[in-house]
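Trainee: This structure is in C-alpha cells; I'll ask about it shortly.
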Amino acid sequence: MAYSIEGRTGAWEVVIGLEVHAQVISKAKLFSGAAATFGAEANAQVSFVDAAFPGMLPVLNEECVAQAVRTGLGLNAQINLVSRFDRKNYFYADLPQGYQISQYEHPIVGKGVVEIELADGSTRQIGVTRLHLEQDAGKSLHDQHPTKSFIDLNRSGVGLMEIVSEPDLRSPEETGAYLRKLRAILRYLGTCDGNMEEGSMRADVNVSVRKAGEAYRTRCEVKNVNSVRFVMQAVEAEAARQVEVWESGGEVVQETRLFDPARGETRPMRSKEDAHDYRYFPDPDLLPLVLDADWVEQLRAALPELPDEKRARFMRDFGLSGYDASVLVAERATADFFEAVAAGQDAKLAANWVTVELFAVLNKRGLSIENSPVSAVALGQMLDLMANGTINGRIAKDVFEAMVDSGDLPAVIVERKGLRQVTDTGAIDAACAAVLSANPDKVAEYRSGKDKMFGFFVGQVMKAMAGKGNPALVNEALKKLLSA
Amino acid sequence: MSLDPATVRRIAKLARIRVSDADVDALGADLNAILGWIEQLDEVDVSGVAPLTGGSQMAMRMRPDVVTDGDLQDDVLSNAPDRAGVFYAVPKVVE
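Chains A and B supply the protein sequences, listed in that same order.
The working numbering applies: residue 7 is where the first sequence begins, and numbers increase by one.
The working numbering applies: residue 184 is where the second sequence begins, and numbers increase by one.
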C-alpha cells in the first residue's frame, strides 16, 4: 500500500526529491594541485588557488572529470560532451573566493535513472535530473573561541558531485532505499567513499505534501542531513509539519530548514537576506569543457560490474532469491567475500552462512566484512567439510564458533576437538538401541501413533553421540529399529 | 533601463562594497552608462546563434591528478587579518 499521512482532512501524499553532494575520490583538488585527502593538519592542503590569492587561475583536474563521467554512466545517465563552469556568488568565511565554481546551465551529466528495491520485493525507477561538478567549501569551527570562528581550508576546492533526483520519491522508505542505492553505486564505482558520518556524502531533502491527484504544492528544503536514518526521519517530520500547517488553514512557505535529530523536528534556518541571489555567470577563467566521445566510451568499457548487474547474476548463476542477492550486493566487499566462499560450493548454503551466521558475528562485534575474524577461504573450507561428510550441519555451527574465537582453520578445529562425524553404522545402531531401551514409554507412544516422538529420539541419539552422528544414518537406523 | 538608488545600494551590498550615501548617485550614473552600452548590444539580432562561452575555439586544458601543491600554511595565512595557530580566525559566523 502506498505511503500516506492521515490528516484531519484525509490522506496526504508525500513528494520527495534529493540533492546529494558526493565528494569525488581523487588525489588532488578539482582546480588545484593540493591534496584532496582527509585528515591532514588544518590548512596544510591549501594552495594559493584554494586560498583565492589574487591572480591565481584554476586548472581542471582530469581525474575528477573522469569520476563524474563514470558516476553518470553508473546512473544510466546522458553524458554531456560539452558542459560549462559558472560562478555562484556568495560570501561566507569558508569560501575565500567569494564564489563557488559550479555548473549551472550546462552540467556534465544529464538525465539518468536509479532502480530501488523495497522491502516487499517491488522495484521502482527513480529519475536523476542531473549531476554537476563543483568545488567543496572549507570547514568552520565555531566552538574553539568565544567570539571567533576558526577556518580550515583543506576541504576548500575538493571536487564535489551534486546529484539531483526528480521529485519521484513518495515515502521515507523509498528515500532511504534511493540513498543507499546511490551510495552503493558510488562505492562500486570508486568515485565517492559514501561516508556520511565524515561528511563525504551529504543530502539536502526537498519535501512537499499534496492531496491525491493535485499538482505539486510548495516545498521546503531540509539542508545537510548526514545519515540515511536522519534523512528518513527528516522526511517524516517535515511532511507531518506541512500537513499540520495546511490543515490549520496556513500556507507552507518555501524556505530552507534544518533537521534536529535530538528533537525529531525541522526548524527554519535563520534566513540570510539576499541569500539566494547567487548571480550565476560563466566563469571567465575556464573554457568550455569538451569531452571526446571515444574517451567516454573507454571509461564505459572499464566500469566495474554494478549492484544491479551483480544482483541479476547472483540470481541467475547461483539461484539465489532476490532478497539474498540484494543483501549480498549492497556492499561490494560483501559480494566479493560471498563469491570467494561460494566458489565450488552450494551457493545457497554459502549465502546462508554469510548472511545469517557471519553477519550475526559481525553485528555482535561491530566489525565490517573487511576485518571479518573468519576469512572467505576458511569458510569455504568449512563448507567443504560439510559437503564431503566430515562434519554435519549441527557440528558446523560449533566449528564456526571456534573459528571465530581462535582464527584457526576448520580442519584443525575438527581434529583437535574430535568433531568428525560418526558414520560407523555399528556405533549409530548401538546408540539408537540404547536410547529406545531407556525410553520404553516414549516408544509405546510413538507406536500408538504419536509420530512427532521421532524427533525426540533423534535428539536423544545426537545428544548421546555429542552431536557427531550422521543425521541421515541416525534417521535410517531409528526407523529400522522402531518398525522392527 | 535606469537603476534607482535602492537598486544601486543592493548591488553594492551583494558585492560587499561599502558605498556612502554621497556616492550613490555618481555610482548609479556610472552603472546606468554601462547598462546603456549593454542595451546597445541588445540591438543586434542573435536569434539562432549559440552563446559564446570562450574567446577561442580551444577546449579546456586539464591537469593530471597529481599532488603538486600545498604545505604552505604560513604563506596562505600571510594575508589573513587574523589567525589562530594554523587556522584563519574570523568574527564568529554561526547559524
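Where a beta carbon is used, it is the ideal one built from N, C-alpha and C, also for glycine.
On a predicted model such as this, the values are computed, not experimentally measured, just so you know.
#1: At which residues does the beta strand (DSSP E) containing A/Thr135 begin and terminate?
#2: Compile a chain-ordered list of the residues in the segment 47-70 of chain A whose CB is closer than 7 angstroms to at least one CB of chain B.
#3: With DSSP collapsed to three states, give me the class of A/Leu334.
#4: With burial defined as no fewer than 16 other Cβ atoms inside 10 Å of the residue's Cβ, what is the status of A/Gly413: buried or exposed?
#5: Is there a C-beta anywhere in chain B that falls below 7 angstroms from the one on A/Phe97?
#6: With a floor of 4 residues, list each alpha helix (DSSP H) that falls wholly inside the segment 179-257 of chain A, ordered by position along the chain.
#7: When you compare each of A/Gly127, A/Ala307, A/Met207, A/Lys370 to A/Arg76 by their alpha carbons, which one comes out closest?
#8: Compare the Cα-Cα distances from A/Glu311 to each of A/Tyr194, A/Gly255, A/Ala336 and report the closest residue.
#9: Just how far apart, CA to CA, sit A/Ile157 and A/Val228?
#10: Under DSSP, the beta strand (DSSP E) around A/Trp301 begins and ends at which residues?
#11: Using the beta-carbon count (16 or more within 10 Å), is A/Ala393 buried or exposed?
#12: Quick one: which residues of the segment 285-307 of chain A get their C-beta closer than 8 angstroms to a C-beta of chain B? List them in chain order.
#13: For the segment 195-216 of chain A, list every residue whose C-beta sits within 7 angstroms of some C-beta in chain B, in sequence order.
#14: Suppose you measure from the CA of B/Leu197 to the CA of A/Arg317; what does that come to, to the nearest Å?
#15: What does A/Gly39 reach in chain B if we use C-beta pairs closer than 9 angstroms?
#16: Which residues, in chain order, does the segment 189-202 of chain B contribute to contact with chain A at a C-beta distance below 8 angstroms?
#17: For A/Asn67 and B/Met245, which I take to be in contact (beta-carbon distance under 8 angstroms), what is that distance rounded to the nearest angstrom?
#18: What's the C-alpha gap between A/Leu293 and A/Gln103?
#19: Does the segment 11-31 of chain A come close enough to the segment 113-130 of chain A that 3 or more CB-CB pairs lie under 8 angstroms?
#20: Beta strand (DSSP E) containing B/Ala272: first to last residue?
#21: Assuming A/Val55 and A/Gly165 are in contact, meaning their beta carbons sit under 8 angstroms apart, how far apart are those beta carbons, in whole angstroms?
#22: Look at the alpha carbon of A/Ala483 and the alpha carbon of A/Val464, and state the distance between them as a whole number of angstroms.
#23: Have a look at A/Ala72, A/Met409, A/Met471, A/Thr197 and flag the residue whose alpha-carbon is nearest the alpha-carbon of A/Arg422.
#24: Listed from N- to C-terminal order along the chain, which residues in the segment 19-33 of chain A have their beta-carbon within a distance smaller than 8 angstroms of any beta-carbon of chain B?
#25: Less than 7 angstroms between the C-beta atoms of A/Glu140 and A/Gln84, yes or no?
#26: Going by beta carbon distance, what residues of the same chain come within less than 8 angstroms of A/Leu295, once the five residues before and after it are set aside?
#27: Establish whether the CB of A/Phe44 and some CB of chain B are separated by less than 7 angstroms.
#28: Using only CA atoms, which one of A/Ile419, A/Gly23, A/Val251, A/Gly475 lies nearest to A/Gly133?
#29: Between which two residues does the beta strand (DSSP E) holding A/Thr272 run?
#30: Below 7 angstroms between beta carbons: does that hold for B/Val273 and A/Ser206?
#31: Is A/Val441 near A/Val480, with beta carbons less than 7 angstroms apart?
#32: Does the segment 248-268 of chain B come close enough to the segment 41-59 of chain A to have 3 or more Cβ pairs within less than 8 angstroms?
#33: Closer than 8 angstroms, Cβ to any Cβ of chain A: which residues of the segment 216-234 of chain B, in chain order?
#34: State yes or no: is the beta carbon of B/Val207 nearer than 7 angstroms to at least one beta carbon in chain A?
#35: On the DSSP letters alone, give me the boundaries of the alpha helix (DSSP H) that A/Ala357 sits inside.
Mentor: The structure says:
#1: 129-141
#2: Glu47, Ala48, Asn49, Ala50, Gln51, Val52, Ser53, Phe54, Ala57, Val65, Leu66, Asn67, Glu68, Glu69
#3: helix
#4: exposed
#5: yes
#6: 234-253
#7: A/Ala307
#8: A/Tyr194
#9: 24 angstroms
#10: Here A/Trp301 belongs to no beta strand (DSSP E); instead the alpha helix (DSSP H) covers 299-307.
#11: exposed
#12: Arg285, Pro288, Leu292, Leu293, Pro294, Leu295, Val296
#13: none
#14: 51 angstroms
#15: Arg246, Val249, Val250, Thr251, Asp252, Gly253
#16: Arg193, Lys196, Leu197, Arg199
#17: 7 angstroms
#18: 19 angstroms
#19: no
#20: 270-274
#21: Not confirmed; about 13 angstroms, so no contact.
#22: 10 angstroms
#23: A/Met409
#24: Ser32, Lys33
#25: no
#26: Leu66, Val71, Val88, Ser89, Arg90, Phe91, Ile114
#27: no
#28: A/Gly23
#29: 271-274
#30: no
#31: no
#32: yes
#33: none
#34: no
#35: 353-358
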